[in-house]
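Below is one structure; the comments refer to it alone.
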């Protein structure tokens, strides 16, 4: 009976990947600890570490005192073995974060694009500036993930619709890949927020949940079975268009502000609602943050219409409120939305506020970029 000559190589690659993931999550570890957690013998674990050390992926990061014998070497992933970039693109700003392979953010900058009409030039200049600040070369970046407000076609990766960013059209992705390399991905911003909540925020440990983004625009990030649900055309989650009672249907689908749910919970609507309740504040988040019980009840009732519609279709179990309104309302608003949803639909999802620190779109972009980079770097060790 013949043996598959590729099997030993495949097993070494799988063992290497498992070891690197363990070192990232639980490291640094000794050779014995690594062997115990992977089920490998000490000899095999030693060969694995030597192989990874030779490839520049693992290094000795200290020692652990033992009994009477010599101290055991501690091994860790080399942070500089690869870097990634995450970006958030807005009409008047571009934020770039660069992280090493361990996920540590080494620099974050926000720039005002000098030429918003040329996305490729603007992105390249911002990434180069971030790399210069971090003393990292562009060639060390293994993945770029860019978050935008647009609808991204899952089949092509191109931006299909972007009202706020008209220069981000079909063809921009190909031009970015020519300039920065093939590892460039464009993703909807709220989908990236869902990734950030799943990895770092309120949805850790939950593989079925939704993020309701309440802000200038309305969005929905859907995670089902641990995977983002984008829809056939990338339009899943465009909740601003959701028909709701008492609001007219849109007369022109090229104008997002005419969406029924957007009319109900957008900034203009909540500002008018505040006037009705006699609530004062400079911005809509201020109004929500400082609003009295009656105003928050009214805001929650409006948000609950969208949350309830999502619940009766997807039954996600967990709803995370994000965006500037979700953040401003905090757990107080989340609790009121949870109560309001329970009154109008048979399912009773838990509603919580976001727990992602910093820029959630950027953090999600870095999560996605790190997944891509680790797949590249950790799968090519043999």
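Residue numbers (my numbering): 7 to 388. Glycine included, each C-beta is placed from N, C-alpha and C at the ideal position.
Which value, in whole angstroms, describes the spacing of the CA atoms of residue 202 and residue 328?
Taking the first residue of the chain shown as position 1, residue 202 is located at position 196. Taking the first residue of the chain shown as position 1, residue 328 is located at position 322. So the alpha carbons of these two residues sit roughly 11 angstroms apart.
Beta-carbon gap between residue 87 and residue 55 smaller than 8 angstroms:
Taking the first residue of the chain shown as 1, we reach residue 87 at position 81. Taking the first residue of the chain shown as 1, we reach residue 55 at position 49. No, the Cβ-Cβ distance between residue 87 and residue 55 is not below 8 angstroms.
Smallest Cα separation from residue 148: which of 181, 125, 92, 141?
One-based indexing of the chain shown puts residue 148 at position 142. Measuring from the Cα of residue 148, the nearest candidate turns out to be 92.
For the pair the segment 159–177 and the segment 232–241, tell me if three or more CB-CB distances fall below 8 angstroms.
yes
Figure out for me which residue from 180, 45, 38, 376 has the closest Cα to the Cα of residue 70.
Along the chain shown, read from residue 1 onward, the residue named residue 70 stands at position 64. Residue 38 is the option with its Cα nearest to residue 70.
Just tell me which of 155, 42, 254 has its CA closest to the CA of residue 99.
Counting from 1 along the chain shown, the entry for residue 99 is found at position 93. Cα-wise, what sits closest to residue 99 is 155.
Neighbourhood of residue 297 by C-beta, 6 angstroms cutoff - its chain only, sequence neighbours within 5 removed
One-based indexing of the chain shown puts residue 297 at position 291. The answer, listed in chain order, is 285.
Residue 118 (DSSP reduced to helix, strand or coil):
What you label residue 118 is simply residue 112 of the chain shown in a count that begins at 1. Residue 118 falls in the coil class under three-state DSSP.
What three-state label does DSSP hand residue 405 in the structure shown?
Since the first residue shown for the chain is 7 and the last is 388, residue 405 is missing from the structure and cannot be characterised.
Taking the straight line between their C-alpha atoms, what separation do you get for residue 204 and residue 367?
Counting from one through the chain shown, the residue named residue 204 turns up at place 198. Counting from one through the chain shown, the residue named residue 367 turns up at place 361. Cα to Cα, the separation comes out at about 13 angstroms.
Using a Cβ distance threshold of 8 angstroms, determine whether the segment 219–229 contacts the segment 180–191, with at least three qualifying pairs required.
no
With DSSP as the reference, label residue 219 as helix, strand or coil.
Here residue 219 refers to the residue found at position 213 when the chain shown is read from its first residue. Residue state, collapsed to three classes: strand.
Out of 369, 40, 53, 319, which has the shortest C-alpha to C-alpha gap to residue 216?
To locate residue 216, count along the chain shown from 1; it is residue 210. Nearest of 369, 40, 53, 319 to residue 216, Cα basis: 319.
Skipping 5 residues on each side, what residues in its chain have a beta carbon closer than 7 angstroms to that of residue 303?
Position 297 of the chain shown, counted from the first residue, corresponds to residue 303. Correct list, in chain order: 342.
Residue 15 classed as buried or exposed, judged by whether at least 16 other C-beta atoms fall within 10 angstroms:
Locating residue 15 in the chain shown gives position 9, where the first residue counts as 1. Looking at its Cβ environment, which holds fewer than 16 other Cβ atoms inside 10 Å, residue 15 is exposed.
Inspect the beta-carbon positions of residue 375 and residue 151 and report whether they are closer than 8 angstroms.
On the chain shown, residue 375 is found 369 positions in, with the first residue counted as 1. On the chain shown, residue 151 is found 145 positions in, with the first residue counted as 1. Yes; because the gap between Cβ atoms is below 8 angstroms, this pair is in contact.
Would you call the CB atoms of residue 270 and residue 250 closer than 8 angstroms?
Reading the chain shown from its first residue, position 264 is the one you call residue 270. Reading the chain shown from its first residue, position 244 is the one you call residue 250. Yes. Within cutoff.
Kindly indicate the opening and closing residues of the alpha helix (DSSP H) around residue 259.
As a first step, residue 259 must be located in the chain shown, where it is residue number 253. Residue 259 -> no alpha helix (DSSP H), and no H or E assigned at all.
Helix, strand or coil for residue 289? Go by DSSP, reduced to three states.
Here residue 289 corresponds to residue number 283 of the chain shown, with the count starting at 1. DSSP places residue 289 in coil when its eight states are reduced to three.
To which residues of the same chain is residue 24 closer than 7 angstroms at the C-beta, ignoring the five residues directly before and after it?
The residue labelled residue 24 in the question sits at position 18 within the chain shown. Hits under 7 angstroms: 44.
Could you tell me if residue 42 is buried or exposed, where buried requires 16 or more neighbouring beta carbons within 10 angstroms of its beta carbon?
Here residue 42 corresponds to residue number 36 of the chain shown, with the count starting at 1. Burial call: exposed.
Count the other CB atoms, across all protein chains shown, that sit within 10 Å of the CB of residue 288; report buried if there are 16 or more and exposed otherwise.
For the purposes of this step, residue 288 is taken as residue 282 along the chain shown, with counting starting at 1. Result: exposed.
Sorted by chain position, which residues of the same chain lie with C-beta nearer than 8 angstroms to residue 358's C-beta, five sequence neighbours on each side aside?
Within the chain shown, the letter at position 352 stands for residue 358. Closer than 8 angstroms at the Cβ level, and outside the excluded window around residue 358, lie 208, 324, 325, 326, 327, 337, 340.
Can you tell me which of the three DSSP states residue 253 falls into?
As a position in the chain shown, residue 253 is number 247, starting the count at 1. Coil, per DSSP.
Residue nearest to residue 109 in terms of C-alpha spacing, selected from 385, 386, 378:
By one-based count along the chain shown, residue 109 stands at place 103. The option with the nearest alpha carbon to residue 109 is 378.
Any idea what DSSP makes of residue 147, helix, strand or coil?
On the chain shown, position 141 is the one that residue 147 refers to. Residue 147: strand per DSSP, three-state reduction.
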